[in-house]
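Reading through the structure tokens given below for one structure.
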Amino acid sequence: MAAELTAHQLIAQHRPTLDLALETIRTRAYWSPHPEHPKAYGENGSLDTAAGKAAFDALSGTRLDLGQPGTDGWVGGEVSPYGIELGVEYPHADLDVLLPAMQAGQKAWRDAGAELRAMVCLEILKRIADRTMEFAQAVMHTSGQAFMMAFQAGGPHAQDRGMEAVAYAYVEQSRTPETAEWTKPQGKRDPLALTKRFTPVPRGIGLVVGCNTFPTWNGYPGLFASLATGNAVLVKPHPRAVLPLALTVQVARDVLTEAGFDPNLVALAAERPGEGIAKTLATRPEIRIIDYTGSTAFGDWLEANARQAQVYTEKAGVNTVIVESTDDYQGMLANLAFSLSLYSGQMCTTPQNLLIPRDGIRTDQGAKSYDEVTADLARAVDGLLGDDARANALLGAIVNPDVKARLEAAAGLGEVALASREVAHPEFPGAVVRTPVIVKLDGAKPEDEAAYTSECFGPVSFAVAVDSADHAVELLRRSVREKGAMTVGAYTTDPEVEEAVQEVCLDEAAQLSLNLTGGVYVNQTAAFSDFHGSGGNPAANAALCDGAFVANRFRVVEVRRPA
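Below, the structure written as structure tokens:
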């Protein structure tokens with residue numbers, strides 16, 4: 279079949295966007311080609327909210343036939359955290375047929391070169407962006423995110439992260455010239471002269487192991503980093519969050535076909551209930567790259583057992599905020615309340631431990647005791663979520679029963695400063711919506727240590743009384759070193775405390791946010807500017823996104839001959 283998208287067309291359309299992305303990762307300034315407000319997607323048009331909802335609804339009761347080789351059955355069964363059955367079926371693959379078919383297209387994809395691969399990736403992202411509202415519904419009903427968050431995080435922000443990975447991949451592949459003329463003088467003899475050609479070659483098939491909570495935001499960096507560096511990509515979604523990544527694979531296969539490449543360069547590996555194919559796939563010799571987001575236990579297993587593959591993991595950590603002093607007490611409380619509430623704390627960046635001196639803190643409103651700070655924070659969360667409509671818009675739904683069980687058990691770990699309450703959802707009566715719980719613990723009591731040194735994923739936070747700022751810094755260092763952290767926050771007006779916290783974060787490679795009191799929150803990061811994770815502590819062995827995230831997905835092979 280003749281290509282419908284020529285290289286010239288792709289480069290003409292997407293090279294300016296790539297150039298802007300390249301400039302932005304150099305300056306770390308704000309930029310996004312993907313609008314993050316629904317009104318930018320038109321009203322009463324093909325891109326608006328109603329059209330996206332209609333497209334999502336139309337998927338129910340259908341089979342998403344991707345035309346993949348080796349399809350030996352159909353699987354489905356996703357149930358939205360909002361209580362509705364999605365009713366979509368996906369192809370189940372015979373891996374012994376699918377994996378060789380994926381390998382067959384890699385030569386032409388490798389030979390296309392870094393620039394054309396980047397352009398194809400950007401066309402895939404554009405097609406996804408054109409269906410942002412449909413993807414928003416798919417993310418909402420697989421992750422439990424509220425609509426606005428599913429739209430932003432699952433749409434433009436995920437697309438930004440994918441484009442960021444393409445930009446980094448292009449930079450690293452372009453670092454070495456395609457050809458070089460090499461001449462070495464030999465004195466009176468003729469010089470030695472060689473012509474050298476350098477080709478980025480892919481490692482092999484990349485496996486993306488998707489997560490339940492952020493299927494696109496966490497899935498796109500690895501997918502596009504591997505694809506842009508010449509690798510085929512097999513997407514293995516979380517069984518409860520297949521649809522967003524299946525739609526992504528569908529778009530990618532369409533674009534690859536139109537650009538004259540083998541669509542099997544991107545494929546889906548959906549699984550039967552209880553099949554657990556991630557372990558099987560992770561150790562197959564064809565799989566040479568793995569991107570994983572999820573539990574520490576399985577991330578550790580991958581790092582230990584997938585020896586044939588380059589493994590990139592984002593696991594879990596214990597995120598900490600030190601509250602030592604502030605010159606904007608109300609701003610601090612409002613910022614923390616939002617951070618603890620957003621998506622019911624079901625983010626790998628949500629603060630868990632709030633370390634507060636037991637003798638209290640200094641504020642612009644005078645001294646505040648430990649008990650006052652925790653009570654005021656509880657009131658701030660209560661005020662933020664007191665209206666059920668606003669609570670639903672911020673909290674979303676609890677993603678799975680394990681999170682609900684942890685939330686309910688947390689109340690028995692200590693004195694409850696803020697009790698969780700059930701919120702009714704007017705549109706989805708089957709949704710499980712809960713406000714956060716805040717539990718008071720003592721950092722000097724060994725019996726409390728097990729609670730605050732373990733990750734408790736979900737809407738659970740611990741207000742930990744510490745002896746001093748020095749004690750807080752010591753607990754922070756130990757926590758990051760032993761358990762890892764995706765984020766660290768601190769509130770202080772003391773330069774010495776700020777310096778001590780900063781030194782811990784530099785020593786232990788943890789991303790730090792200081793004195794956030796406005797509309798930027800510790801659990802949010804911006805593509806092209808902020809690094810998500812560092813790859814330097816136990817929470818993750820990679821950062822989204824830096825050169826190290828892409829550079830080892832390919833190797834440079836040299837061919838030299840006499841000039």
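Heads up: the sequence shown is residues 279 to 841, going by my numbering.
Note that the Cβ used here is the ideal one computed from N, Cα and C, for glycine as well.
Requested in this report: Pick helix, strand or coil for E459, following the three-state DSSP scheme.
Outcome: Of the three classes helix, strand and coil, the one that applies to E459 here is strand, per DSSP.
Query raised in the report: Counting along the chain, where does the beta strand (DSSP E) carrying V357 start and finish?
Result: No beta strand (DSSP E) holds V357; DSSP gives it neither H nor E.
Query raised in the report: Quick one: what does DSSP say M279 is sitting in, helix, strand or coil?
Result: Confidence in M279 is poor, its pLDDT being 44 and thus under 50, which makes the residue's placement unreliable; the coordinate value appears in the next sentence. In this structure, DSSP gives M279 a state outside helix and strand, which the three-state scheme calls coil.
Report task. Tell me whether Q464 is buried or exposed, calling it buried when 16 or more other Cβ atoms sit within 10 Å of its Cβ. Result -> By the 16-neighbour rule on beta-carbons within 10 angstroms, Q464 is exposed.
Query raised in the report: Going by DSSP, which residues form a beta bridge with R767?
Result: For the record, residue 767 in the displayed sequence is Gly; it is not Arg. G767 pairs with V599 and S791.
Requested in this report: Report the residue from V711, G644, E693 and I676 whose alpha carbon sits nearest the alpha carbon of A669.
Outcome: That would be V711, whose Cα lies nearest to the Cα of A669.
**Report entry** Beta-carbon spacing of L754, V715 below 8 Å
**Finding:** No, Cβ-Cβ distance for L754 and V715 is not below 8 Å.
Query - Own chain residues within Cβ distance below 6 Å of V742, not counting five before or after - result: Excluding sequence positions up to five before and after V742, its CB lies within less than 6 Å of the CB of N631, L633, L719, G721 and Y730, all in the same chain and listed in chain order.
Report task. Determine the DSSP secondary structure at N670, reduced to helix, strand or coil. Result -> In the structure shown, N670 sits in a helix (DSSP, three-state: H, G or I).
Query raised in the report: Taking the continuous alpha helix (DSSP H) assigned at P724, which residues delimit it?
Result: Counting along the chain, the unbroken alpha helix (DSSP H) around P724 starts and ends at P724 to Y730.
Query raised in the report: Where does V798 land, buried or exposed, given buried means 16+ other C-beta within 10 angstroms?
Result: It is exposed - the Cβ of V798 has fewer than 16 other Cβ atoms within 10 Å.
Query raised in the report: Buried or exposed: G320, going by 16 or more other Cβ atoms within 10 Å of its Cβ?
Result: The residue in question, G320, is exposed, as its Cβ has fewer than 16 Cβ neighbours within 10 Å.
Query raised in the report: Can you round the beta-carbon distance between G674 and G440 to whole angstroms, since I take them to be within the 8 Å contact cut?
Result: So it is not a contact: roughly 23 Å between Cβ atoms.
Requested in this report: Grab the span of the alpha helix (DSSP H) containing P434 for me, first residue to last.
Outcome: Looking at the DSSP string, the run of the alpha helix (DSSP H) that includes P434 is P434 to S452.
Query raised in the report: At what residues does the beta strand (DSSP E) containing Q588 begin and finish?
Result: In the DSSP annotation of this structure, the continuous segment of the beta strand (DSSP E) that includes Q588 starts and ends at Q588 to E592.
Report task. Tell me whether T628 sits in a helix, a strand or coil according to DSSP, three-state version. Result -> Three-state DSSP puts T628 in coil, outside helix and strand.
Query raised in the report: From which residue to which residue does the alpha helix (DSSP H) around F832 run?
Result: Where F832 is concerned, there is no enclosing alpha helix (DSSP H), although the beta strand (DSSP E) it sits in stretches over F832 to P840.
Query raised in the report: What is the DSSP secondary structure of A826, reduced to helix, strand or coil?
Result: Here A826 sits in helix by DSSP.
Query - Cβ-based neighbour list, T340, same chain, cut-off 7 Å, excluding 5 preceding and 5 following - result: Within the same chain, and ignoring the five residues on either side of T340 in sequence, the residues whose Cβ sits closer than 7 Å to its Cβ are V366.
Requested in this report: Pull up the CB-CB distance for V357 and H370, whole angstroms please, since I reckon it's below 8 Å.
Outcome: About 19 Å separates the beta carbons of V357 and H370, which is beyond the 8 Å limit, so they are not a contact pair.
Query raised in the report: In whole angstroms, what is the alpha-carbon distance linking V520 and V398?
Result: When rounded, the distance between both Cα atoms is 23 Å.
Query raised in the report: Does the Cβ of K317 have 16 or more other Cβ atoms within 10 Å, making it buried, or fewer, making it exposed?
Result: It is exposed - the Cβ of K317 has fewer than 16 other Cβ atoms within 10 Å.
Query raised in the report: Going along the chain, which residues of its own chain have a beta-carbon closer than 7 Å to the beta-carbon of A821, five neighbours each way excluded?
Result: Counting only Cβ-Cβ distances below 7 Å, and skipping sequence neighbours, we find F809, H810, G811, S812, G813 and F827.
Report task. Go to Y570, then tell me how far its beta strand (DSSP E) extends in each direction, as first and last residue. Result -> Boundaries of the beta strand (DSSP E) around Y570: I565 to T571.
Query - Closest by C-alpha distance to Q608, when choosing among R831, G355 and T795 - result: Here the closest residue by C-alpha is T795.
Requested in this report: Please name the residue or residues paired with R226 in a DSSP beta bridge.
Outcome: Given a span of 279 to 841 for the chain in the structure shown, any question on residue 226 remains unanswerable.
Query raised in the report: If you compare alpha carbons, which of K593, N678, A582 and R585 is closest to G572?
Result: Comparing Cα-Cα distances from G572 to each of K593, N678, A582 and R585, the minimum goes to K593.
**Report entry** Environment of T454 [buried if 16+ CB atoms lie within 10 Å]
**Finding:** Exposed: under 16 other Cβ atoms inside 10 Å.
Query raised in the report: How should Y308 be labelled, buried or exposed, when 16 other C-beta atoms within 10 angstroms of its C-beta is the threshold for buried?
Result: Burial call: exposed.
Query raised in the report: If you draw a straight line from the alpha carbon of G383 to that of N542, how long is it in whole angstroms?
Result: C-alpha of G383 to C-alpha of N542: approximately 7 Å in a straight line.
Query raised in the report: What are the boundary residues of the alpha helix (DSSP H) that includes R467?
Result: No alpha helix (DSSP H) contains R467, which is instead part of the beta strand (DSSP E) from R467 to P480.
Requested in this report: Using 10 angstroms around the beta-carbon of S698, count the other beta-carbons present and answer buried if the total reaches 16, otherwise exposed.
Outcome: S698 is buried by the Cβ-count criterion.
Query - Distance between beta carbons of F832 and G508, contact taken as under 8 Å - result: Contact flag correct, Cβ pair sits at about 6 Å.
Requested in this report: Would you kindly work out how many angstroms separate the C-alpha atoms of M279 and L534, rounded to a whole number?
Outcome: Low confidence applies to M279: its pLDDT is 44, below 50, so where it sits in the model is not reliable, and the reading given next is rough at best. Between M279 and L534, the C-alpha separation is close to 12 Å.
Report task. With DSSP collapsed to three states, give me the class of A547. Result -> DSSP, reduced to helix, strand and coil, places A547 outside both helices and strands of the structure shown, so it counts as coil.
Query raised in the report: Contact check, F476 vs V738 under 8 Å by CB: the rounded distance?
Result: Not confirmed; about 51 Å, so no contact.
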